[in-house]
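In the UniProt record's numbering, the protein residues as written are 1 to 427.
Take a look at the structure set out below.
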């Protein structure tokens with residue numbers, strides 16, 4: 001089917017960070033299971049071994065790759081530094097524990113080893129801190145009380161003393177709004193984001209660069225996010241981070257249908273749009289990150305999230321998020337779960353790893369205006385090319401039965417090229 005795509009190189013629609021692609025390292029232990037599958041192996045912050053030993057080249061290929069350290073058990077983590085007051089033990093299954101697990105601990109030998117890897121590969125690190133420490137459960141999922149910042153303070157101080165570079169300190173994981181495993185009110189959260197900012201200001205006062213403060217790392221709820229921005233005000237919260245799992249549960253038998261349905265994929269644009277408006281109205285000083293997105297929640301889809309078909313969703317998400325001025329997009333995960341960019345046992349790249357690498361190498365930070373005469377099954381995104389003059393065009397054919405013959409031209413000089421986008425069935 002013939003189609004025309006017109007790129008307007010004179011109009012900047014949005015702008016990402018220079019290093020837009022990001023991947024996460026989570027805290028889940030090897031016995032984290034969903035739907036009778038246990039896909040995490042030894043891939044977490046506290047037990048990741050294989051990557052450090054043999055597959056640093058997977059990170060080095062990006063140089064730099066952004067890595068966000070965080071996840072569901074983040075708000076159960078203590079750091080083995082200073083006066084911890086209790087033994088430093090790993091997570092174990094515990095009835096009644098948050099997400100079914102006990103509190104866990106990060107020892108500093110482990111932190112040193114990870115930073116050695118990060119230093120060798122040039123990774124850019126954002127670290128999610130425990131925002132529940134010192135609080136107590138009030139009822140159901142609601143937690144209250146003051147945040148005990150002592151352990152976080154000591155951990156940040158240790159990190160500085162070792163010369164480890166952290167780009168952003170993130171406060172909490174999925175505690176916003178109604179929360180997932182737990183929730184904290186926006187008023188209380190904002191107060192403690194301010195406290196974290198004071199700690200970072202004090203500890204980095206002699207440093208050339210201060211890390212940014214990022215929060216809340218949760219699912220967007222307009223009222224809660226608006227209140228957080230209003231209370232914190234300018235100069236405190238630099239980055240608003242939110243999570244997205246727009247494909248549904250990993251056990252859903254319709255995952256592939258969702259991935260290849262452009263109407264389904266477009267639903268999430270409402271979230272991007274509403275968040276953008278909320279920030280413009282309440283905190284225009286803050287940038288936006290997708291801090292975690294794996295497509296399907298609960299560890300991803302078995303034999304779906306780690307296959308080529310998932311790239312139809314992933315690349316579309318990268319394009320859509322960028323068009324809404326998202327600065328960084330963090331994929332859940334670098335390694336771990338079914339949605340892993342690397343195989344969890346061999347650390348060989350899965351298909352989405354190559355999609356991430358292609359984006360990182362080809363797509364520049366400037367998002368351009370683009371229109372088409374094609375059906376909605378042809379998705380299209382245009383950026384200034386990275387590291388060279390020109391425009392890079394991403395075309396995704398979601399159709400199972402239509403091949404598109406695309407004529408692409410620039411509105412400014414009417415130069416035209418012809419491309420072909422085969423149907424998904426021919427891939």
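C-beta: ideal position from N, C-alpha, C; glycine also.
Quick caveat: nothing in here was measured; it's all calculated off a predicted structure.
Beyond the five residues adjoining it in sequence on each side, residue 137 comes within less than 7 Å, by CB distance, of 143 in the same chain, given in chain order. Residue 361 and residue 60 have their C-alpha atoms some 13 Å from each other. The alpha carbon of residue 409 has as its nearest neighbour, out of 387, 204, 382, 193, the alpha carbon of 382. Residue pairing by DSSP places residue 129 opposite 171 in a beta bridge.
In this structure, the beta-carbon distance from residue 72 to residue 91 does not fall below 7 Å. Uninterrupted beta strand (DSSP E) stretches at least 3 residues long and entirely within the stretch 5-87 occur at 21-25, 66-69, 77-80, given in chain order. Taking 7 Å as the cut-off, the Cβ atoms of residue 411 and residue 8 count as close. Counting only runs that start and end inside the stretch 269-353, the beta strand (DSSP E) elements of at least 3 residues fall at 287-293, 328-331.
Contact between residue 126 and residue 152 does not hold, since their C-beta atoms are separated by about 15 Å, which reaches or exceeds 8 Å. Residue burial annotation: residue 11 is exposed, with fewer than 16 other C-beta atoms found within 10 angstroms of its C-beta. Annotated three-state conformation of residue 1 is coil, per DSSP. In this structure the stretch 27-47 does not lie against the stretch 308-327, because fewer than three pairs of beta carbons, one per stretch, are closer than 8 Å.
Judged by beta-carbon spacing, residue 183 lies within the 7 Å limit of residue 141, meaning their Cβ atoms are closer than that value. The residues 288, 290, in chain order, have a CB closer than 6 Å to that of residue 326 in the same chain once the five nearest residues on each side in sequence are set aside. Between the alpha carbons of residue 225 and residue 2 lies a distance of about 44 Å.
Exposure of residue 263 is indicated by the presence of fewer than 16 other C-beta atoms within 10 angstroms of its C-beta.
Using a C-beta cut-off of 8 Å, the stretch 102-121 makes contact with the stretch 74-86, since at least three inter-stretch Cβ pairs fall below that distance. With a minimum length of 4 residues, the unbroken runs of alpha helix (DSSP H) contained wholly in the stretch 350-402 fall at 351-362. The C-alpha of residue 135 is placed about 5 Å away from the C-alpha of residue 145. The count of Cβ pairs closer than 8 Å, one atom from the stretch 207-220 and one from the stretch 248-259, stays below three, leaving the stretches out of contact.
DSSP links residue 107 through a beta bridge to 80. Using a Cβ distance threshold of 7 Å, residue 171 and residue 129 count as a contacting pair. Pairing residue 399 with residue 392 gives a Cβ-Cβ distance that is not under 7 Å.
Of the candidates 42, 158, 181, the residue whose Cα lies closest to the Cα of residue 96 is 181. Just so you know, the alpha carbons of residue 177 and residue 390 end up roughly 43 Å apart. Of the residues assessed, residue 112 falls on the exposed side of the cut-off, its CB having fewer than 16 other CB atoms within 10 angstroms.
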